[in-house]
Each structure stands twice: as C-alpha cells, then as structure tokens.
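Enquirer:
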Amino acid sequence: MHTFLTGIFFWIALSVCLIGMLVRFVLYFRGLSWQLDRVAYKAHPMHGFKGAIRSIYKWMLPFGTFGWRTQPFMAIIFFGFHMGAIFVPLFLVAHNMFLESKLGFSFFTMGAGLADFLTWTTLICAFFLILRRIALPEVRIMTNFHDYLILFISLAPFITGLLARYQVGDYSFWLNLHIFCGEVLLIAIPFTKLSHVFLFFASRAQLGMDFGIKRGGMKGTKMAW
Amino acid sequence: MPEGKYCNKTPVETPEEVNFLLSDTSGNTYYEEMESLDIDSDLLWKTIQNTFKSRLKTWLEICAHCGMCAESCFLYQVNNRDPKQVPAYKIQSTLGEIINRKGKVDNKFMRHAMEVAWAQCTCCNRCGTYCPHGIDTGIMFGYLRGLLYQQGFVPWEMKIGAGMHRTYRAQMDVTNEDFVETFEWMIEENEDEYPGLTAPVDKEGADILYTVNAREVKHYPEDLAEAAILFHIAGENWTIPSAGWEQTSLAMFAGDWAACKMQVESVYAAMERLKPKRMIGTECGHAHRATVIEGPYWAGRKDGLPPVESIHYVEWLAEALRTGKLKIDPSKRIKELVTIQDSCNYIRNQGLKDATREIISYIVEPGYFVEMSPNKEHNYCCGGGGGFNGIGIFRKQRNKALITKRDQILKTGAKLVLAPCHNCWDAIRDLEEEYNIGIRWSFLKPVIIKMLDIPDHLKPEE
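Note that the protein sequences, when read in sequence, are chains S and C. Each residue of the first sequence is one higher than the one before, starting from 1 at the first, in our numbering. Each residue of the second sequence is one higher than the one before, starting from 1001 at the first, in our numbering.
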C-alpha cells in the first residue's frame, strides 16, 4: 500500500493537479473577452498589469483592504487557516525529503516547532470557519454540501498528519492515510472550489485589470481596495 | 400563454408602440400578462452558451460562500440583515439557478429573478470591492438583466425606457427638434442677463461637444441654461449636436444591449461628424457610465475609448476652477455644513473622487465640508440607482433602500447635499419627501453660478 501511495498514485495525483491547474489557468485567460467583459485588456496592457498586481497584492496582505479591515475576525481566521494550509505542505521537512527522493529537488524547510504551530493554527481557524458557516445566517444560507466537502478534503491531511506525527496508535496506518488524503486533495484541486488556489489569482487579476483599465486606472486613480 | 399584447419578448421600436405600452396605466395589464408569459428555454440556454464565458463562469464557480459581501451591500443592511439579501446568495439563487437548470426555468422563477435583479441590486458594484476573490456581483446582475430582458421579464418602465432609446435615441420622447428648440428658448430667456450668450448648434471642430440627459430638456430646462452660462463665462468654444445629444441609457438599466449600442452610436456619430476636441456630459452618473465607460464596448471599439476624449462634467468644472476660467467670489462661498453624494457610476467605477473634492475646495468655505461615511469608492448607492428610482412596482422596496442614504446624510449634520448625478439627485429628493429630514439638495451648476465672479465685459450694461 505504501509503495502504491508513494509511487504511481503520487505521480497520478501530482500530474492531475499540475496539469489540471495549468489547463484551467490557460482556459481562463483564453476565455476572457474584451467585448463581453467590457475591458480592453489588450489595448492597455500596462494599465491592466498594474491593476492586476495591485488587486492581488492588496488582498494578500492581512488587513490590506477595506474588506479585511471591516471584518477583522474573518481576516484573522482566514489568514490563520491559509498560512498553515499553504506553508506546511510546501515546507515541512518530511515533505521535502520525500520531494527530494522523488523529484530530485526540495524547497526551503521549516522547523518542527513552527510546523506544529501552523498546523494547529490551521485546525483551530478551520474550526472557526466551520462555526462561522453554522452560526452566521448570512453564511449559512449559502453553505451547501460542497462547502463542507472541500473543508473536509482540505483538513483531512492535517488531521491525519498530526495523528501520525504524535504516533497515536498505528503510525504507518496514519501515515498511509495522510498520504492518501494529501493526494486526494491534489486531485480535487482542479475539479472543485479548491480551484481557487490558482483561480484566485486569475479572478483577482481580472478585476484588477478592469479597475486598472476601465474603472479609474487610466484616469490615474488607483482603486482603494 | 405565449406573448401578451403589452408584455412580450419583442422590443418596442416605434412611437406608436411606445404610446401603446404607456397607455397601460402603471403597467397593470403588462404585469398580469407577465404571469403567463412563456420562457424560450432554448434561446435562453443558447444565449448563455454564447455569452457566459470565463469571467462569469469562474465567479459563480469559485464563490466560497463566505458571506463577506453581505455587509458591503446596503440593501442587506437596510433590510434587517436578511440573509436573502446577501449579494452572493442573490446571484447564486437567480443566475446560478438558471445555469444549473440549463435555462429550463418556469415563469414564477423568472418573475422572482426579475424582482431580485431590479429591486435587490442597483448594480452599484460595491460588493465587488469587498470580495476576496474579486467577484463583482453587480456585473453579474447586469448580465442577468440582459437575459431577463430577452425573455420579456423586465419592469414596465424599463421596457418603455429601452423602447424610447430605440425610437427617439433618448430616454424620453424628446425629438432632436425639441432638444435644439428648448436649448434656444433657454438662451433667449437668459441672454439679457448674460449678453452674448449662445448655444452653438453643430459647430465643427469646437473644443467641447456638450451632451445632456433628456430629462433636462423635458423637465429641467434651466439646467441647459446653466450649462450654457457656465461655458459662456468660462469663454469656452463649445457646441451642441442637433442629433446624438442624449448621453443617458435606460437601455443599460433594462439590459437591452442592442438598444445600448444604438444609443451610444448616435452620440459617437455626432463626435465623428463634428470632430470636437472633447466631449463633456452633464451632471449624471449613469449617462457617463453608458456613453464613456461602457459605451465603447457596445459600439465595438477595441480600445475601450469613445472616438474623442470624453470627460464628466465634474472634471471640466474642476479644471475650469483650477485654471481660473471660472472664478469664485470668496464672499459667496458656501458657509454652512455641506456634504457631497459620490455617484457609484463615476466615483467607484471611474475614480473621479478627487475632481469633486477639488471643486468643493473652491466653493465651500474651509471647515464647512463634511464627508459622508463611508465615502469615495466605498460610498453607498443613493438608494435609487440602476433604474430602481423609476420602477413603480418596486417603489416600496426603493423607499426602504433610501434609508441608508438618509442616515448617512443625517450623520454628517449637513442640511445641504450636493448631488452631481441625476439619479442620486432624484433619490435624495425622494428621501426628503418620504422622510422629511429637512435637507436641500442641488446639482453643482446652480450653486456655482450663484457664486461666480463674472468679468465686467460679460455683465449686462447698466
């Protein structure tokens, strides 16, 4: 089982994720239409580029926008969740050792203490994100099975990872389940709302171009996000 | 039942058809007929397949249902935070459902979607600036309106408005002759006080081509006079076109994209014909949006720009005051608390916040100007945008919507509200009528004329 999960299934999961993301990213930008969207993307590339960068950058800063500042609780649990969700998978020592053995390269790695902290932060913030979905009427009304499913898919690798890390019961069982959950997550990315991990950049860039070109950028006004 | 006599899928295109639709008082029969209007699901789905592309598709798909847009929507706030007023819910439960069901929706659903599209969203685009994913629900509602219009599910007044544009190339039954005659009449009325006052018609190569809102011609002709007076005193070389003078577009509110194109092309034709250096439109928000911001795309202009540089009236005013073309007598500046309404259509949607503040700096005694909160790009809609002001069956919802602006104004303590936008001006007038908070409201033109320092040679001989 372990050989299958770290062998062929790993390659399938990684390929589906990367190729899927690439295809959808390309399709997104190819599907933009200056006339339907009413944004002259090609006529004013520099204005569009500046608007896009600004639109992405501002929203990636905690409290960088009016939106984040008006909802500080959401901002904190959002960034708390996403920091762990992005940094732990990419920079955990064990992940990078695995990466090195498979692909022959690895990223910068973080210490175990920081990884533990970020993982727990992610889980605690996720708890509040779920609580928010249940408690707030304005979120509950839209929340559906899919929203909980992707939360489950995103959290499963963290929970199983922690169980393996603290060696609760059978280590190799949790490790295998952890790897499996991580690979399911990779496969789910291009096909579910998890596509936002890359389409976030596309969508933000598009609205940024809209503001950078049509809605004030060419008048010299930068959108006060 | 298929198509009704009044309510159907066919656009209104002649004076007779306009009058026929108008003859149905308050659209009573129109809305009765709407209850049995068929949906052409094949056409609906085909239209969606042709026009529902990357941007909109991705917006609907990646919406995280996080509800961060809720608080950004003044209609959510003012309707006791009803979760059904959350922007994301509103669009997912209407446009989202039409897509999910591949256009196979029933009459009741379409009438509900019509109410959501015109009475629960003013297309102010504020939510778009509060969504982490950059999802602009206002744009999606514009798209939904187009689908609903195509199927005949459009408020009576909007159908008439779009029909007016198709028939008269104006939002009201104002002909080109009416326009020129009214302008000339206004000049006659004022030429004693302002010797040499003219309104040059169809002058080629002028510095400024001036375009208006048909309401001014029909209901507020003094606005035309004021525009002429200000250009005259500023010494501008300006002209009005005998055709293509209407800058507004109720067709945009209606979602009648073909009529939007016809309307804006009439203005662009005037630009091509008269070759002015610049076009300046009156103090109207949606008119500027229709002709300058969105119009180039309807007309198929790949650079997204009108044929000649086109600016909003507030940009010209700021420039004329800055360069000294218009001089203000400091003793006549406003010396009472005053606030300004930022129009969504040219502040949030074209970044002209500094122009209006610059004007304020010349015409208000320091210390008397109070900002609304929030303001500039983050200001709330007046409460009547996107056609909401003009739709009879949604008047109750509109009046409730005015409460946000009422409370914003009350908080400033100002009794005078400057509203350089026709829609905002109307909404503020209506909120005063509805709630009697004791305020006055005004466009900029009349306020500025009263405080001008007029050069001696332009004054009448004693």
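All C-beta atoms, glycine included, are put in the ideal place defined by N, C-alpha and C. It should be emphasised that the depicted structure is a prediction, and the values quoted were computed from it without experimental measurement.
Return yes when the Cβ of methionine 1279/C is within less than 8 Å of the Cβ of lysine 1218/C, no when it is not.
Expert: Here the question's residue 1218/C lines up with position 218 in the second sequence. Here the question's residue 1279/C lines up with position 279 in the second sequence. Result no, Cβ atoms of lysine 1218/C and methionine 1279/C do not sit closer than 8 Å.
Enquirer: Mind checking if valine 1086/C is an interface residue toward chain S, Cβ cutoff 8 Å exclusive?
Expert: Your numbering for residue 1086/C matches position 86 in the second sequence. Closer than 8 Å to some Cβ of chain S, the Cβ of valine 1086/C qualifies, so yes.
Enquirer: When the cut-off is 8 Å and only beta carbons count, does alanine 1214/C lie next to chain S?
Expert: Here residue 1214/C is taken as the residue at index 214 of the second sequence, counted from 1. No, its Cβ sits nowhere closer than 8 Å to a Cβ of chain S.
Enquirer: When the Cα of glutamate 1204/C is compared with those of Pro1460/C, Gln1077/C, Glu1272/C, which residue comes out closest?
Expert: Against the second sequence, residue 1204/C aligns to sequence position 204. Cα-wise, what sits closest to glutamate 1204/C is Glu1272/C.
Enquirer: Just verifying my parser: in three-state terms, what is the DSSP assignment at tryptophan 120/S?
Expert: Residue mapping note: residue 120/S aligns to position 120 of the first sequence, counting from 1. In this structure, tryptophan 120/S counts as helix in the three-state DSSP scheme.
Enquirer: With a threshold of 8 Å between beta carbons, is alanine 228/S in contact with chain C?
Expert: Limits of chain S in this structure are 1 at one end and 225 at the other, which puts residue 228/S out of reach.
Enquirer: Valine 93/S CB to nearest chain C CB: under 8 Å?
Expert: Taking the first sequence and counting its residues from 1, the one referred to as residue 93/S is at position 93. Output row for valine 93/S: interface = no.
Enquirer: Counting only Cβ pairs nearer than 7 Å, list the residues of chain C close to phenylalanine 49/S.
Expert: Position 49 of the first sequence, counting from 1, holds the residue named residue 49/S. Those do not exist, as phenylalanine 49/S stays about 15 Å from chain C at its closest Cβ, beyond 7 Å.
Enquirer: Given this structure, state the Cα-to-Cα distance separating phenylalanine 1179/C from glycine 1281/C, to the nearest angstrom.
Expert: Locating residue 1179/C in the second sequence gives position 179, counting from the first residue. Locating residue 1281/C in the second sequence gives position 281, counting from the first residue. Distance between the alpha carbons of phenylalanine 1179/C and glycine 1281/C: 15 Å.
Enquirer: Counting contacts by CB-CB distance shorter than 8 Å, is serine 1343/C in contact with chain S?
Expert: Numbered from its first residue, the second sequence carries residue 1343/C at position 343. So, not an interface residue.
Enquirer: Check this for me: beta carbons of tryptophan 59/S and tryptophan 225/S, under 8 Å apart or not?
Expert: As a working note, residue 59/S is residue 59 in the first sequence. As a working note, residue 225/S is residue 225 in the first sequence. Yes, the pair counts as a contact, with Cβ atoms nearer than the cut-off.
Enquirer: Grouping DSSP H, G and I as helix and E and B as strand, with all else coil, what is isoleucine 1328/C?
Expert: To locate residue 1328/C, count along the second sequence from 1; it is residue 328. Looking at isoleucine 1328/C - three-state DSSP - the assignment turns out to be strand.
Enquirer: From what residue to what residue does the beta strand (DSSP E) around tryptophan 1441/C run?
Expert: Taking the second sequence and counting its residues from 1, the one referred to as residue 1441/C is at position 441. Element bounds for tryptophan 1441/C: 1440–1442.
Enquirer: Please state the DSSP three-state secondary structure of tyrosine 1143/C.
Expert: Position 143 of the second sequence, counted from the first residue, corresponds to residue 1143/C. Helix, per DSSP.
Enquirer: Helix or strand or just coil, what does DSSP make of glycine 1281/C?
Expert: Counting from 1 along the second sequence, the entry for residue 1281/C is found at position 281. Residue state, collapsed to three classes: strand.
Enquirer: For the region 136–156 of chain S, enumerate the residues whose C-beta is nearer than 8 Å to any C-beta of chain C, in chain order.
Expert: Going along the region 136–156 of chain S in chain order, one finds Leu136, Pro137, Glu138, Val139, Arg140, Ile141, Met142, Thr143, Asn144, Asp147 with a Cβ nearer than 8 Å to chain C.
Enquirer: Would you mind sorting asparagine 1349/C into buried or exposed? The rule is 16 or more other CB atoms within 10 Å of its CB.
Expert: Numbered from its first residue, the second sequence carries residue 1349/C at position 349. It counts as buried.
Enquirer: With a 10 Å radius around its C-beta and 16 neighbouring C-beta atoms as the bar for buried, classify leucine 61/S as buried or exposed.
Expert: Within the first sequence, numbered from 1, the residue matching residue 61/S stands at position 61. Classification of leucine 61/S: exposed, given that the 10 Å Cβ count is below 16.
Enquirer: Can you find a CB in chain S that lies within less than 8 Å of the CB of histidine 1286/C?
Expert: Residue numbering aside, residue 1286/C sits at position 286 when the second sequence is read from its first letter. Chain S, which has no Cβ nearer than 8 Å to the Cβ of histidine 1286/C, makes this no.
Enquirer: Looking at the strands, I want to know which residues DSSP matches up with isoleucine 1233/C.
Expert: Reading the second sequence from its first residue, position 233 is the one you call residue 1233/C. According to DSSP, which records beta bridges pairwise, isoleucine 1233/C is partnered with nothing at all.
Enquirer: From this set, Cys1069/C, Ile1403/C, Pro1276/C, Cys1124/C, which residue's C-alpha is nearest aspartate 1202/C's C-alpha?
Expert: As a working mapping, residue 1202/C is identified with position 202 in the second sequence. Ranking the options by Cα distance to aspartate 1202/C, first place goes to Pro1276/C.
Enquirer: Could one say the Cβ of asparagine 1349/C lies closer than 8 Å to chain S's Cβ atoms, at least one of them?
Expert: Position 349 of the second sequence, counting from 1, holds the residue named residue 1349/C. Closer than 8 Å to some Cβ of chain S, the Cβ of asparagine 1349/C qualifies, so yes.
Enquirer: Is there a Cβ from chain C that is less than 8 Å from the Cβ of isoleucine 77/S?
Expert: Counting from 1 along the first sequence, the entry for residue 77/S is found at position 77. With 8 Å as the cut-off, isoleucine 77/S does not count as an interface residue toward chain C.
Enquirer: Given a limit of 9 Å on CB to CB distance, which residues of the region 61–87 of chain S reach chain C?
Expert: If the cut-off is 9 Å between Cβ atoms, the region 61–87 of chain S has Thr65, Phe66, Gly67, Trp68, Thr70, Gln71, Met74, Phe78 near chain C.
Enquirer: If contacts are defined as beta-carbon pairs under 8 Å, then alanine 1113/C and phenylalanine 1141/C qualify, I think. What distance do you get, rounded to the angstrom?
Expert: Within the second sequence, numbered from 1, the residue matching residue 1113/C stands at position 113. Within the second sequence, numbered from 1, the residue matching residue 1141/C stands at position 141. At roughly 10 Å, the Cβ-Cβ gap does not stay under 8 Å, so alanine 1113/C and phenylalanine 1141/C are not in contact.
Enquirer: Counting along the chain, where does the beta strand (DSSP E) carrying leucine 32/S start and finish?
Expert: Residue 32/S sits at position 32 when you count from the first residue of the first sequence. First-last for leucine 32/S: undefined, no H or E at that position.
Enquirer: How about threonine 1323/C: is its C-beta nearer than 8 Å to some C-beta of chain S?
Expert: Position 323 of the second sequence, counted from the first residue, corresponds to residue 1323/C. Not one chain S Cβ lies under 8 Å of threonine 1323/C.
Enquirer: Would aspartate 990/C pass as an interface residue toward chain S - the criterion being a Cβ-Cβ separation below 8 Å?
Expert: Any answer about residue 990/C is impossible in this case: the structure gives chain C only from 1001 up to 1462.
Enquirer: Around the Cβ of glutamine 1150/C, are there at least 16 other Cβ atoms within 10 angstroms (buried) or fewer (exposed)?
Expert: Here residue 1150/C refers to the residue found at position 150 when the second sequence is read from its first residue. Buried is the call here.
Enquirer: Please list the segments of the alpha helix (DSSP H) lying wholly inside the region 22–106 of chain S, counting only runs of 4 or more residues, in order along the chain.
Expert: Correct list: 34–37, 45–60, 66–70, 72–91, 93–103.
Enquirer: For alanine 43/S versus alanine 205/S, is the C-beta spacing smaller than 8 Å?
Expert: Locating residue 43/S in the first sequence gives position 43, counting from the first residue. Locating residue 205/S in the first sequence gives position 205, counting from the first residue. No, they are not a contact pair.
Enquirer: Compare the Cα-Cα distances from valine 93/S to each of Leu114/S, Phe79/S, Met83/S and report the closest residue.
Expert: On the first sequence, position 93 is the one that residue 93/S refers to. If we check each option's Cα against that of valine 93/S, Leu114/S comes out closest.
Enquirer: Can you pull out the residues from the region 1394–1419 of chain C whose beta carbon lies closer than 7 Å to at least one beta carbon of chain S?
Expert: Going along the region 1394–1419 of chain C in chain order, one finds no residue with a Cβ nearer than 7 Å to chain S.
Enquirer: Starting from valine 1078/C, trace the alpha helix (DSSP H) both ways and give me its first and last residue.
Expert: Stepping through the second sequence from its first residue, residue 1078/C is reached at position 78. Segment 1074–1078, the alpha helix (DSSP H) holding valine 1078/C.
Enquirer: DSSP three-state call for leucine 1402/C: helix, strand or coil?
Expert: The residue labelled residue 1402/C in the question sits at position 402 within the second sequence. Correct three-state label for leucine 1402/C: helix.
Enquirer: Under 8 Å, Cβ to Cβ, is there at least one residue of chain S near arginine 1055/C?
Expert: Taking the second sequence and counting its residues from 1, one reaches residue 1055/C at position 55. Yes, arginine 1055/C lies at the interface with chain S (some Cβ there is under 8 Å from its Cβ).
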